[in-house]
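Under our numbering, the first residue of the sequence shown is numbered 1208, with each subsequent residue one higher.
Down below is the structure, laid out as structure tokens.
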Amino acid sequence: MSHLVFTDSYINGEFYKTDKRFSVDDPATEKSIVEVSDIDEQGVNNAIDAAKGAFVKLKATNATSRSATLMRWYELVIEHKQALAELMTKEQGKPLKESLGEVEYGAGFIKWFAEQAKRSYGDVIPPTDDQHRLTSFKQPIGVVAGITPWNFPIAMVTRKVAPAYAAGCSFVLKPSEHTPLCALALAYLADQAGFEKGAFNVLVSENAKMVGELLTESDLVRKFTFTGSTAVGKQLLSQCASTIKRTSMELGGNAPFIIFDNADLDEAVTGLMGAKFRNAGQTCVAANRIFVQRSVLDKVVKKLNEKVDSLKVAHGFEEDSDIGPLIYAKAKQKVQELLMDAKQKGAIQINAVKELGGNFQAPVILTGVTPEMDIYHQEVFGPVVSIIAFDEEAEVIALANDVPYGLAAYFYSQDIKQIYRVSEALEYGMVGINEGLISNPVAPFGGVKQSGLGREGGHQGLDEYLEEKYVCMKI
1208 MSHLVFTDSY INGEFYKTDK RFSVDDPATE KSIVEVSDID EQGVNNAIDA
1258 AKGAFVKLKA TNATSRSATL MRWYELVIEH KQALAELMTK EQGKPLKESL
1308 GEVEYGAGFI KWFAEQAKRS YGDVIPPTDD QHRLTSFKQP IGVVAGITPW
1358 NFPIAMVTRK VAPAYAAGCS FVLKPSEHTP LCALALAYLA DQAGFEKGAF
1408 NVLVSENAKM VGELLTESDL VRKFTFTGST AVGKQLLSQC ASTIKRTSME
1458 LGGNAPFIIF DNADLDEAVT GLMGAKFRNA GQTCVAANRI FVQRSVLDKV
1508 VKKLNEKVDS LKVAHGFEED SDIGPLIYAK AKQKVQELLM DAKQKGAIQI
1558 NAVKELGGNF QAPVILTGVT PEMDIYHQEV FGPVVSIIAF DEEAEVIALA
1608 NDVPYGLAAY FYSQDIKQIY RVSEALEYGM VGINEGLISN PVAPFGGVKQ
1658 SGLGREGGHQ GLDEYLEEKY VCMKI
């Protein structure tokens, strides 16, 4: 792991050191891992300029060359899988087995877009007269800037940088201040793979406001991509408006997980465990509101309680750890405040919970959750199962859709007619049917309503970094 630990921002193929530093802490121990340089304004501007210079060269490269470079980056990430996973568990806290899975998942985006780089097609348009020939083709949009979150510090980077590079765009990235080490390691490996200097720059900073303003307001940055909360996404969108940037926004979710009475209940509970407790519930697609048809409520709660009781909350490096710590103390405080509010308003805690120290939060099962409770409306970002009973299909669809978000939804049913009805009625960008883990590099990831704009992954992910040009030629 130590050979991939870097402590300074990465600009134009070199590390950029500043006098101001801050600590990156291990959420499991709350102790410092390392101190890193905090980028200054000059460094941000240098990175944008470096990306602009790299774009001039990069846009002239051919797709086969970029594909080969991406494949080499993919190979290096897989080659260093163990070291990257250990680094992730150290700075993010998730169990090592989950970190290993994320490295492979994140590398999958690199491999997918290495293939997609060669599939940026145009059109020959049938002319409307004999004197003209009409065509269209796609070109890289330009310098891209992005901000990524702490919950998936590798996958959230590769799903943005890989398609941008595949399209022929350079990138300026600001990772979360809580997890900059994984991003710096990825940039180093990209450099080793043959990325042009300035093609992938990483800005490490606690001052998200300063960096965000410089990136969103720069005329040189033509595309901005962000993964994070809806509130911050709205602010960044407003800042991008002054220069009319293309944007991709993967924002908050409040995912419903519906279990109908005809479902395979064992499969449903197993799916719920994955959708809820992965990364200690700290995912934008985590099951947040669990709707269970009343006739099977008791059976589901019993099966769920048995599985939850077997979960081990421990340091991510412990071999049998299932749930690691929350990212920092305020995250745990928020979860506990939501639990307190819910119980004060009538929710019932089903399982016995032992109070854990530090940033560790034991999993909790609540029944009797209602729309009057804060936990019903907010992303919990913690290991809490909030169960709501329902009676009819139309009722649960209305409840599931009655939020401003629309990222992911899940439901379990064995009625094929119901499967079609419900999947079409749910107002969400992604729907899992009899499956709790739906993300895949080959499929478009994204939401509707206030959960975002654009798609990541799939063939659609490449188009996010391309502009289409129409050409009319008189002959």
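The beta-carbon is built from N, C-alpha and C at its ideal position, and this holds for glycine as well.
| query | result |
| --- | --- |
| Distance, Glu-1663 Cα to Val-1251 Cα | 25 Å |
| Residue from Lys-1404, Ile-1645, Cys-1491 and Tyr-1328 with nearest C-alpha to Glu-1586 | Cys-1491 |
| One or two residues paired with Gly-1613 in a DSSP bridge | Val-1655 |
| Cα-Cα separation, Ile-1240 to Gly-1481 | 29 Å |
| For Tyr-1583, three-class secondary structure by DSSP | helix |
| Selection from Phe-1378, Arg-1366, Leu-1660 and Ala-1536 that minimises the alpha carbon distance to His-1385 | Ala-1536 |
| Nearest neighbour of Val-1409, chosen from Met-1456, Val-1351 and Lys-1441 [CA to CA] | Val-1351 |
| Three-state secondary structure assigned by DSSP to Cys-1683 | A query on residue 1683 cannot be resolved here, the shown segment of the chain reaching from 1208 to 1682 and no further. |
| Nearest residue (CA-CA) to Ala-1321, options Ser-1209, Phe-1402 and Lys-1506 | Phe-1402 |
| Assigned secondary structure, Lys-1227 (DSSP; H/G/I helix, E/B strand, else coil) | coil |
| Span separating the alpha-carbon of Ser-1272 from that of Glu-1237 | 44 Å |
| Beta-bridge partners of His-1339, as assigned by DSSP | Lys-1681 |
| Gln-1500 and Phe-1467 closer than 7 Å at C-beta | yes |
| Length-filtered (4 minimum) alpha helix (DSSP H) runs lying within the stretch 1514-1584 | 1536-1551 and 1581-1584 |
| C-beta contact flag for Pro-1570 and Val-1515 at 7 Å | yes |
| First and last residue of the uninterrupted alpha helix (DSSP H) at Gln-1299 | 1288-1299 |
| Local conformation of Gln-1249 per DSSP, three classes | helix |
| Best match in Glu-1311, Arg-1279, Met-1278 and Thr-1276 for proximity to Leu-1291 [C-alpha to C-alpha] | Glu-1311 |
| Every unbroken alpha helix (DSSP H) inside the stretch 1370-1415 [4 residues or more] | 1387-1400 |
| Contacts around Ala-1650, its chain only, beta-carbon distance under 7 Å, and the 5 residues preceding and following it disregarded | Gly-1664 and Gly-1665 |
| Residues near Asn-1358 in its chain [Cβ-Cβ closer than 7 Å; skip 5 each side] | Asn-1486, Gln-1489 and Thr-1490 |
| Tyr-1619 (DSSP reduced to helix, strand or coil) | strand |
| Contact under 7 Å by Cβ, Glu-1282 with Val-1231 | no |
| DSSP three-state assignment for Tyr-1217, whether helix, strand or coil | strand |
| Given 8 Å, three or more beta-carbon pairs between the stretch 1419-1428 and the stretch 1439-1455 | yes |
| Stretch-stretch touch, CB-based, cutoff 8 Å, three pairs: the stretch 1385-1396 with the stretch 1329-1343 | no |
| Member of Val-1591, Ala-1324 and Tyr-1372 whose CA lies at the smallest distance from the CA of Ala-1554 | Val-1591 |
| Burial state of Asn-1269 (16 or more Cβ within 10 Å) | exposed |
| Three-pair Cβ contact test at 8 Å for the stretch 1372-1380 versus the stretch 1256-1270 | yes |
| Per DSSP, cross-strand counterpart(s) of Pro-1463 | Arg-1496 |
| Sequence ranges, beta strand (DSSP E) only - wholly within the stretch 1416-1447, length at least 3 | 1428-1434 |
| Coarse secondary structure for Arg-1501, derived from DSSP in three states | helix |
| First through last residue of the alpha helix (DSSP H) which encompasses Phe-1597 | Phe-1597 -> not in any alpha helix (DSSP H); beta strand (DSSP E) instead, spanning 1591-1597. |
| Spatial neighbours of Trp-1280 in its chain, beta-carbon cut-off 7 Å, leaving aside the 5 residues before and after | Ile-1317, Leu-1396, Ala-1397 and Ala-1400 |
| Cβ distance (whole Å) where Ala-1520 is taken to contact Ile-1530 below 8 Å | Correcting the residue type first, residue 1520 is Val in the shown sequence and not Ala. Between Ile-1530 and Val-1520 the Cβ distance is about 5 Å, and since that is below 8 Å, they are a contact. |
| Proximity to Gly-1653 [Cα-Cα], best of Thr-1454, Asn-1558 and Pro-1578 | Thr-1454 |
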